[in-house]
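J.: So the sequences go chain by chain: G and W.
Yeah, the first sequence ends on 178 if you go by the numbering used here, and it's all consecutive.
Yeah, the second sequence ends on 184 if you go by the numbering used here, and it's all consecutive.
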Amino acid sequence: MARIDSLEMGELTDTAFYILLSLVEARHGYLIMKSIETMTNNRFSIGPASMYTTIKKLLSAELIVLFNEEDEKRKTYVATEKGIQLLKKEVERRQEMVRHAEEIFRKKGVFLK
Amino acid sequence: MKETKYVMSGGLAFTEEKDMKKLSNYAKKGWILEGFAPLGFILRKGEPQNIVYSLDYQKDADEEYFSFFEVAMWTRVCSAGNEIHVFSASEGTKPIYSDKETIIEKYEREKRQMGKYSLPLLIVTVMSFLLRIISGYGWLPEIAGNISLFLGEVFLIILIFPGMPYIAYRFKLNKIRKW
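1) Suppose contacts are defined by Cβ-Cβ distances below 8 angstroms. Is alanine 91 of chain G in contact with threonine 141 of chain G by that definition?
2) Could you check the C-alpha separation between isoleucine 120 of chain G and proline 113 of chain G for me, to the nearest Å?
3) What runs of the alpha helix (DSSP H), each 4 residues or longer, lie entirely inside the segment 67-109 of chain W?
4) To which residues of the same chain is lysine 177 of chain W closer than 6 angstroms at the C-beta, ignoring the five residues directly before and after it?
5) With DSSP as the reference, label lysine 154 of chain G as helix, strand or coil.
6) Can you give the Cα-Cα distance for arginine 164 of chain G and lysine 154 of chain G, rounded to whole angstroms?
7) For the 8 angstroms Cβ check, are there 3 or more pairs between the segment 123-137 of chain G and the segment 109-129 of chain W?
8) Check distances from the C-beta atoms of the segment 68-98 of chain W to those of chain B and list, in chain order, the residues that come in under 7 angstroms.
9) Of all the options W:Phe73, W:Val129, W:Ile165, which has the alpha carbon lying nearest to the alpha carbon of tyrosine 187 of chain G?
10) May I have the straight-line CA-CA distance separating glutamate 157 of chain G from threonine 105 of chain G, to the nearest angstrom?
11) Measure the alpha-carbon distance for glycine 86 of chain W versus leucine 161 of chain W and round it to whole angstroms.
12) So, are the CB atoms of valine 57 of chain W and threonine 98 of chain W less than 8 angstroms apart?
13) Is the beta carbon of leucine 164 of chain W less than 8 angstroms from the beta carbon of leucine 127 of chain W?
14) Looking at the unbroken beta strand (DSSP E) that takes in asparagine 133 of chain G, where does it start and where does it end?
15) DSSP three-state label for isoleucine 162 of chain W, please.
16) On the three-state DSSP scale, how would you describe isoleucine 182 of chain G?
17) Using the rule of at least 16 other Cβ atoms within 10 Å of the residue's Cβ for burial, across every protein chain shown, is proline 125 of chain W buried or exposed?
18) Quick one: what does DSSP say lysine 147 of chain G is sitting in, helix, strand or coil?
19) Using a C-beta cutoff of 8 angstroms, does threonine 107 of chain W count as contacting chain G?
20) Any Cβ of chain W within less than 8 angstroms of the Cβ of tyrosine 142 of chain G?
21) Distance, Cα to Cα, methionine 98 of chain G vs leucine 85 of chain G?
22) Where does tyrosine 117 of chain G sit, in a helix, a strand or coil, going by DSSP?
23) Hey, how far is the Cα of methionine 66 of chain G from the Cα of glutamate 8 of chain W?
24) Under 8 angstroms, do isoleucine 101 of chain W and aspartate 61 of chain W count as touching if we go by C-beta distance?
25) Report the residues of the segment 87-98 of chain G with a CB closer than 7 angstroms to any CB of chain W, ordered along the chain.
26) Please determine, among W:Ile89, W:Ser93, W:Leu28, the residue with the shortest C-alpha to C-alpha distance to tryptophan 79 of chain W.
27) Chain W partners of tyrosine 117 of chain G, CB-CB under 8 angstroms?
28) Step through the CB atoms of chain W and report whether any lies within less than 8 angstroms of the CB of alanine 126 of chain G.
29) Counting only beta-carbon atoms, is tyrosine 102 of chain W nearer than 8 angstroms to chain G?
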């Protein structure tokens, strides 16, 4: 029984989304975690095991590539064109979700703070 | 003075979370995890500490892998065969897995591995018992039947070792997917 893989479905998990987003510019692997925490005010943080697993997945899906390898510990990655395209598609998908919610909220008189 | 203590594991496929909790409780009493031992762990007497333990499976883990843990304040305690790794951190450190998808990935990998060991054993076990049945009809000499019965039992016993973890991982994955 094949497992439904969100990457194969062309959707990004939150973890993959943020990693890809922080790799729009080339970055050291170990700095990705920090940059995501800064970006989201610590609201979203990725554990090291999830981080390593997701990077390997993004690499094999060719959404990111090794940018340069000074040494083992300091591998640098960057999003590929394919990665950027998927990221854009994902942003549109999420924008649409937000729009749907806003429409319903407006109709029902629910206000966001 | 080197005081050590041996703690048995319930088998990582079956009691991983319980084992890690147990190690954490021992650390509170001053027994700090030192490394793996056959079917368990070795602890060493030290200062009582509030630390938690996490286990990960990662074949051929490289420097980058460990550097991610370092950045996240998880200290590597020990590894077995550069495949099973135990990390420790002070209580309250964010967990090593932060989403369900990657946790599923962790156990899927282990399940597949155990499946790979189990399948050939399952096949030879079934074949041995089939040979025994066939010889029962007199199509094979009796001695061949006896040998295959014996072999079948041996294979069955070996099959238990990867087979039980395989089943345990299946159950665990089903549970995680229902979260």
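Positions of the beta carbon are idealized from the N, C-alpha and C atoms, including for glycine.
Keep in mind it's a predicted model, so treat the numbers as computed, not measured.
T.: According to the structure shown:
1) Taking 8 angstroms as the Cβ cut-off, alanine 91 of chain G and threonine 141 of chain G qualify as a contacting pair.
2) Isoleucine 120 of chain G and proline 113 of chain G: Cα-Cα distance of roughly 10 angstroms.
3) Counting only runs of 4 or more, we get 68-76.
4) Contacts found: Tyr112.
5) Per DSSP, reduced to three states, the secondary structure at lysine 154 of chain G is helical.
6) Looking at the two C-alpha atoms, the distance is approximately 15 angstroms.
7) Short answer: they don't touch.
8) Reference to chain B is not applicable here, since the protein chains of this structure are G and W.
9) What is shown of chain G runs 66 to 178, which leaves residue 187 of chain G out entirely.
10) For glutamate 157 of chain G and threonine 105 of chain G, the gap between their C-alpha atoms comes out near 19 angstroms.
11) Straight-line Cα distance between these residues: approximately 26 angstroms.
12) Taking a C-beta distance under 8 angstroms as the contact criterion, valine 57 of chain W and threonine 98 of chain W qualify as a contact pair.
13) Against a cut-off of 8 angstroms, the Cβ pair of leucine 127 of chain W and leucine 164 of chain W comes out as a contact.
14) Residues 129-134.
15) It is helical.
16) With chain G running from 66 to 178 in the structure shown, residue 182 of chain G is simply not present.
17) With fewer than 16 other Cβ atoms within 10 Å, it is exposed.
18) DSSP places lysine 147 of chain G in helix when its eight states are reduced to three.
19) Output row for threonine 107 of chain W: interface = yes.
20) Chain W, which has no Cβ nearer than 8 angstroms to the Cβ of tyrosine 142 of chain G, makes this no.
21) Distance between the alpha carbons of methionine 98 of chain G and leucine 85 of chain G is about 12 angstroms.
22) Three-state DSSP puts tyrosine 117 of chain G in a helix.
23) Below a pLDDT of 50, predicted positions are generally treated as unreliable, and methionine 66 of chain G, at 37, falls in that range; the measurement from the model is reported next regardless. Put simply, the backbone Cα of methionine 66 of chain G is about 50 angstroms away from that of glutamate 8 of chain W.
24) Contact flag set, yes.
25) So the list reads Gly94, Tyr95, Met98, given in the order they occur along the chain.
26) Across the set W:Ile89, W:Ser93, W:Leu28, the C-alpha of W:Ser93 shows the shortest separation from the C-alpha of tryptophan 79 of chain W.
27) Here the neighbours are Gln63, Glu69, Tyr70, Phe73.
28) So, not an interface residue.
29) So, interface residue.
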